[in-house]
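Visitor: Chains A and B supply the protein sequences, listed in that same order. Mapping to this note's numbering: the first sequence position 85 is 697, numbers consecutive. Mapping to this note's numbering: the second sequence position 84 is 132, numbers consecutive. Glycine included, each C-beta is placed from N, C-alpha and C at the ideal position.
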Amino acid sequence: MRFPQKKQSAADYIRSELLIREGEGGTLAYFLALFFLLGLGLALGRGSANALFLKHFGVAYLPHVYLALSLCLGLSSLGYAALADRIAPEKLFAGMAAVFAAVLVIIWVLMRTGATDLAFPIYLVNFGVISEVVLLHATLYFGANFDGDQVKRLLPLALAGIQAGELSGGLVLAGLSVLMPMKDVLLLWVTICAASVALIIWRHRRYGNSPYTHPPRRGSGALRAAADQLVQGLRFARQSDLLRYSSYGVLFMVIAVFTLSYSVMTIYAANFHTETELGIIFGLTTFVGGAVTLLAQIFFSGKLLQRFGVRRMNLVFPLTTLASFAGLILSFTLPSALLAAFNQSVIMPAIRNPSRNLLFQALPDYMQGRARALSLVLVLPLGILTAGVLLQLLRLGNADWMLPATGTLAALAYLVYSAKTNRAYLGAVLSTMAEKLYIPREHMGALDTRRDRELFELLARGAAHADEQISITYAKVLMDAFPAEAPRIVLERLQSAGLRTRDQLIRLVVPKLPETEKTVLHDYLRTSDPHQQATILDILFVARDAVARSHVRVCLESDNPRLTACGILGVHCYNELELMDEATRRWNQLLRGAQSPSLLAGLDLLRRRPDETMFDAAAKLLVHPEDRVKRAALLGLAQFASVDAATLTPLIGTLLHAEDHTVRMAAVQCALQLAAGECRKHCHQALEDRHPRVVQAALEVLKQLDGKDFVATSLDWLDANEGSPRAQCAMVELLLKQPVPSGRLEAFVRSRLGAAMQIAGALRLVEKACKQAQGQKSMELLALALRESLGRIVALALTALEGLEDRQLVRTVRAGLASRDARQEARAFEALEDLGARDIAAALRVIFGRGGVRERGSVEAAGPSLGTISDVVDYFAQGRDAWLQDCASFARRGLMKGAA
Amino acid sequence: MRDLLDKLLLLKRTATFSEVATDDLRVVAQELAQETCFAGERLFDLGDPSDRMYLIVEGKVGISIDTDPAAKEFISTLGPGDCFGEMGLFDDLPRSATAHVLVDSQLLALDKFKLRGLIVSYPELLLGLLRGLSHRLRGANEMIARGRN
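1) Rounding to the nearest angstrom, what Cα-Cα distance links residue 748 of chain A and residue 645 of chain A in this structure?
2) By the DSSP assignment, the beta strand (DSSP E) with residue 1242 of chain A in it spans what residues?
3) Taking C-beta to C-beta, are residue 1402 of chain A and residue 1360 of chain A nearer than 8 Å?
4) If you measure from the beta carbon of residue 1303 of chain A to each beta carbon in chain B, is any gap under 8 Å?
5) CB residue 1086 of chain A to CB residue 1106 of chain A, shorter than 8 Å?
6) Which residues in chain B sit within 7 Å of residue 1397 of chain A, going by Cβ to Cβ distance?
7) Would you say residue 1096 of chain A touches the ligand ADP, meaning its beta carbon is less than 7 Å from a heavy atom?
8) Taking C-beta pairs closer than 8 Å, name the residues in chain B that residue 1392 of chain A reaches, listed in chain order.
9) For residue 1273 of chain A, would you say it is in contact with chain B, using Cβ-to-Cβ distances shorter than 8 Å as the test?
10) Apply the 10 Å Cβ neighbour rule to residue 701 of chain A and answer buried if 16 or more other Cβ atoms are within range, or exposed otherwise.
11) So with Cβ pairs under 8 Å, would you call residue 172 of chain B a contact of chain A?
12) Between residue 162 of chain B and chain A, is there a C-beta pair that is closer than 8 Å?
13) For the alpha helix (DSSP H) that contains residue 1184 of chain A, what are its first and last residues?
14) Check the Cβ-Cβ distances between residue 181 of chain B and every residue of chain A, and say whether any is below 8 Å.
15) So, under 8 Å CB-CB, residue 1225 of chain A and residue 1202 of chain A are touching, yes? Tell me the CB distance rounded to an integer number of Å.
16) Give me the DSSP bridge partner(s) of residue 1479 of chain A.
17) Give the interface partners of residue 54 of chain B over in chain A, defined as CB-CB distance under 9 Å, in chain order.
18) Is residue 60 of chain B close to chain A? Criterion is C-beta to C-beta, closer than 8 Å.
19) Near residue 110 of chain B, which residues of its chain fall below 6 Å by C-beta distance, leaving aside the five closest residues on each side in sequence?
20) Just mark residue 847 of chain A as buried or exposed, buried being the case when its beta carbon has 16 or more other beta carbons within 10 Å.
21) Can you find a C-beta in chain B that's less than 8 Å from the C-beta of residue 1400 of chain A?
22) Going by C-alpha to C-alpha distance, which of B:92, B:134 and B:105 sits closest to residue 115 of chain B?
23) Quick check on residue 1057 of chain A - is its C-beta less than 8 Å from some C-beta in chain B?
24) How many angstroms separate the CA atom of residue 1506 of chain A from the CA atom of residue 1442 of chain A?
25) Could you tell me if residue 1187 of chain A is buried or exposed, where buried requires 16 or more neighbouring beta carbons within 10 angstroms of its beta carbon?
26) Under a CB-based cut-off of 8 Å, is residue 1502 of chain A close to chain B?
27) Under a CB-based cut-off of 8 Å, is residue 144 of chain B close to chain A?
28) Using a cut-off of 9 Å between C-beta atoms, extract the partners of residue 169 of chain B located in chain A.
29) Rounded to whole angstroms, what is the Cα-Cα separation between residue 677 of chain A and residue 757 of chain A?
30) Smallest Cα separation from residue 887 of chain A: which of A:1303, A:732 and A:986?
31) For residue 692 of chain A and residue 745 of chain A, what's the separation of their Cα atoms in angstroms?
32) Rounding to the nearest angstrom, what Cα-Cα distance links residue 967 of chain A and residue 806 of chain A in this structure?
33) For residue 1276 of chain A and residue 825 of chain A, what's the separation of their Cα atoms in angstroms?
34) Beta-carbon of residue 1495 of chain A versus every beta-carbon of chain B: anything under 8 Å?
35) Using C-beta distances below 6 Å, list every residue in its chain close to residue 878 of chain A, excluding the 5 sequence neighbours before and after it, in chain order.
36) To the nearest angstrom, how far is it from the Cα of residue 1346 of chain A to the Cα of residue 1089 of chain A?
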């Protein structure tokens, strides 16, 4: 089925082309405007700062500027990191714009008065600091207003605002270079800063604070806290491959880019000599670069990222940087310089920056700020410092080939670390989700008990605890984890335990008790009540203990039903032929007794030693008023080799509907005695039971019934789609424990997702109808039921997907999709796409309402077309899901009433 | 059927039962008992044993925490769709407030022992209830965090 599509308006078309969803337009327009101003200012700043510096100082001093820039950037970034957590992102943006405007005014005054020539390098350093810090904060600010998936789609578009500003700025600069002194361009930049501040204030007064942001931190010691964050970032980098490799990548990228930039400046300085010429060339390159980048960001960046994924796109900039150096090696002339400048002004903002931002989204939320701080405060300044030192040394070395060769080496290292970053990316996405959603790692339960004495002592202390419930709980774990040493501890605890606890502890310890220690049980026999005596003797008789044999006759003659049953068991265990008739007589007495304890003792014995001569007596007890007797009879009969199926069939059919789930469970187990078809019918019915233990019992019986054909028959049942999603999910979980043909499982996943998409489409129609006819309860209920059904079918499809992909990964994705946290949901989709399950991810996007118009239209769903609300209601009223049927019928009545 | 579904929707709109699946909620709705009470009555007093939860279908109920049960200073006034006394379903502690019927009201009451019986038969019901309580706890935590900031 193809979902119905409305004829698109021009606005819809643009939104669809630009991947903008409903409700995102206003905020996006604001960011486009703000980023435009930002780009405009940066273009004017970059061109004027470079032109003024080259004119008044010359390219020879550029390495010194890099050294100064590294120091200033480190310090100002530390200051920024100190404030980033403490001030709301919008306030910090406005504050920074205001401070930069003030600094620019001071620099302009110094230039105009000619107080010092140092104003020119200061201006260039100042531009370097502003461009890094403000650009970083711009993406952080943007991220505080959208969730992860929105950021992935919309950030390239928003960054296009910066490009639009840059290209406009380039054009303005080229024009102004002819009309006015370059120094006065600073005042224009100041005006742009003021306009940005006004825009931010207007926006947040009207629409409130950024939604995806933590409340600002309070308290003193901001710088110290920033330094602590830096240290935490460094520590985290040791654990996180993604952060470590991406930091190395940034280090080498900075060295490569600054080397490239120096080469370009050297060529420009050799070709253009006046302030005006330099202004025009910087203005024009900025304009052309900005225009190309703008087009790329609007029409290609987002789509390329969606089409090729963040990991492939992350390799583009290292490769183009390598190509730029190759060009410079071949010809150190203006065309190569222009190509290198193109690489920096187009590829970097259009491809590299959005990719890097997305890579950072894979880190835990609390670590993203620290990772950015690490990059800005430490890695970036270190890279610039290294580039400055290297360039100074190369200048002294005076060998032309060394400059591009050094840059090429740095670019190669950048490429290598980008590839390593990509490999670490998926692991980081999953680990972040697992941490956020508390997904336990598999095999965590496998403790190394040989080494863990501390654990043993802890469990031993627990088993010896005065509280008997605590003692039993610890004793169970202790017996499992340390079977060799635990019996000694548990036997010690037996001495002071109450009768009931002693009984439980005996059952726990005796099966694992060494032969040499079993004599202790004889001591307990003397001090125990009949109930415990029965427990102990039962164990001893089954073990054919020679000493205990003398108790058989006494037990058989006892008035206590449990001891009597124990005596009957003893007769059979020791094969006491002369007591056999008496044992049979006593057993019949027990099964025909008036009291429940007697019946229960006889039936329990029947479960352990099935005897077909007792069938009639046991079958009669299936209609006993007490549930526990019915259950024991069912469990006893379930062990028979053959039964009278005609008698049992109607009784089991009735007991499958018993109120007590333990009776239903026993009825399912007993159903194995019936004809195969009858048994399968009862089991499929029991798979719909609301108690998980009944469902499990049904699955176990089906497994026994079908034997080696179990997988094939179960897949047939799943393909027929006869069970509810809950029942199917239970079946799939069991199937995944054995080898299943992946082709059939994959087809099943697709068919369930198809059904889910159909429900998602229907749900959209019902929700729309709810909005149009507010207060119509029937429609509201149908929407609720459809939403729940959708959730179950998606869970079913993802459970089946565990059999095709990495189980832990799919579980993490599943938890992410169920988290109701937009960021985790976005990470889940990211992980799914990286699995290679792009079509499954696309279907899930549509189901979760994250698909665009085109995506919705392109994904095919199974089933008939549900174009109207009447179609939806009619379809589900005739469906197989009983609850959806009820809700849809109710909604149909509501619709008819409304129409009438 | 209609009556049952109305009850079900009322339950679904309460914070406690909002996370229980509707098909599980159906069995809870079947256990809701209709009660009519009149203005001036008290449904329970502070310190009474907690034995049931109430859902208001029609009418108005005032909640007072004054130690004098007759006092009519209300900390909240509840109307149709609101529910009260739900914590008593789980914690067995005495009532922490007095409930005054302010106008003639139609209520639905859910007996805690009936709910517990249902939980044994329908374990997923309990998971839904826990999710609902967990959401309320998260909401309370967020309010506290906002208050601190």
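Guide: In brief:
1) 17 Å
2) Unbroken run through residue 1242 of chain A is the alpha helix (DSSP H), 1239–1249; no beta strand (DSSP E).
3) no
4) yes
5) no
6) 70
7) Because no ligand of any kind appears in the structure shown, any question about the ligand ADP cannot be addressed here.
8) 57
9) yes
10) buried
11) yes
12) no
13) 1173–1186
14) no
15) Not really, about 14 Å apart at Cβ, beyond 8 Å.
16) BP columns for residue 1479 of chain A are empty, so no partner.
17) 1389
18) yes
19) 122, 125, 148 and 150
20) exposed
21) yes
22) B:92
23) Because the pLDDT of residue 1057 of chain A is 44, which lies under 50, any placement of that residue in the model is unreliable, and the question is left without a value.
24) 42 Å
25) exposed
26) yes
27) no
28) 1271, 1272, 1273, 1302 and 1303
29) 36 Å
30) A:732
31) 8 Å
32) 31 Å
33) 51 Å
34) yes
35) 671
36) 26 Å
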